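Only one structure is covered here, and it is reproduced in the block below.
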Amino acid sequence: MDNSILKIGHRGAKGHLAENTLESIKKALQLGVDGIEIDVHRCASGQLVVFHDFTLDRMTNGTGEVSKHTLNQLKQVEVKGHCQIPTLSEVLTFVNNKCLLNIELKGHDTAEEASRLIAFFVEKKGWDYKNIIVSSFQKELLQTVFKINKNIPLGVLTDSNLDNAVAFAKTIKAVSIHPDYTMLTHEVVENLKKDFKVFTYTVNNLKPIKRIKSYGVDGVISDFPNRL
Ligand code: G3P
Ligand code: CA
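With numbering that gives the first Met the number 0 applied, the sequence shown corresponds to residues 0 to 227, in that order.
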C-alpha cells in the first residue's frame, strides 16, 4: 500500500466518538491522521459552528435548526457523549496547523465567515494555507470563497456527476475533487488526477479501503482513520 495516501478522519473520528466534537478531533489526532474533515454551519449570532446536520435532533438533546440558534444557545445543547458543539474558531485553535483541516461548508451563508477566519488564522495564528481545504457540494459557496481569497485551497464534493464537478472545479481553480468512493474506478481516478487531487469519502470497510487505495487516490476520508 502507498503510504503517501493521506488518512483523513471523517468528522474527526466519527467511528470512535461523537462526530464533529473536539473529543472526536482529539481522537483522530491520537490515531495519527494526516487530516481531519469537519462540517460547518452559520448560527443565528453569525459564528460558524462545527456540526453536520441542519437540525439538532439526531446528535443532541436540542431540537430545531442550527441556524436559528445563537452561539449561546448552541453552547447549552449537549451533544451525545456529554460533548459541546465547537465553533470553527475553537477547532482551528485546537488543531493548530498540526494536520490538514478539510472544512466542508455545509450550511447556508458560511463562505464569507470561513474565508475571514482562515485568513485570520494564517496571518495571526501560524496556520498555513497548504493545511486547509475548503470543500462543498454547494457551488455558490465555493465561488464566494474563490472571489474573496484566491489563496484558500478549494475542493469540489460530488456524489452524482463527476464531469460536472470537474468542469466547475476548473472555473474556481480547485485543487481537489472529493467524490463519493462508490463512483470511483481505476480509470476514473487516473483521469481526475490529470488535473486534481482526489480525496474520496467515506470509506470504512477494509475491502473497499484496499480497492480504493489501489487506485492511487491522494486521500481517503474515513470514520475509522486507523483502518487506512
Ligand atoms: O467531505 C466528505 C463527506 O463528509 C461528505 O458527506 O454527508 O458526510 O458531509 P457528509
Ligand atoms: Ca462532511
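Note that CB positions come from ideal geometry on N, CA and C, so glycine has one too.
As the structure is a computational prediction, the values presented were derived from the model and not from experiment.
Residue closest to E186, alpha-carbon to alpha-carbon, out of L28, R210, L205: R210
D162 (DSSP reduced to helix, strand or coil): helix
One or two residues paired with Y200 in a DSSP bridge: D179
C-alpha distance - M0 paired with V165, whole-angstrom precision: Confidence at M0 is low in this model, with a pLDDT of 44, below 50, so the placement of that residue is unreliable and no value is reported for it.
Cβ contact (3+ pairs, closer than 8 Å) linking the region 110-130 and the region 74-92: yes
Separation of I24 from L55, as counted between CA atoms: 19 Å
Nearest neighbour of N130, chosen from V76, V94, G63 [CA to CA]: V94
Contact set for P224: own chain, Cβ-Cβ below 7 Å, skip 5 residues either direction: K6, I7, G8, A12, A27, L30, V32
Lining residues of ligand 2 - beta-carbon closer than 5 Å to any non-hydrogen atom, in sequence order: D38, E103
Helix, strand or coil at L30 according to DSSP, with G and I counted as helix: coil
Rounded C-alpha distance that separates N148 from K192: 24 Å
Residue nearest to L183 in terms of C-alpha spacing, selected from K206, L161, D108: L161
Three or more C-beta pairs below 8 Å linking the region 38-47 and the region 102-115: yes
Residue ranges of each beta strand (DSSP E) within the region 79-128, 3 or longer: 99-104
With 16 other Cβ atoms within 10 Å as the buried cut-off, status of H68: buried
Own chain, CB closer than 6 Å to L141, minus 5 neighbours either side, in chain order: S135, L153, I171
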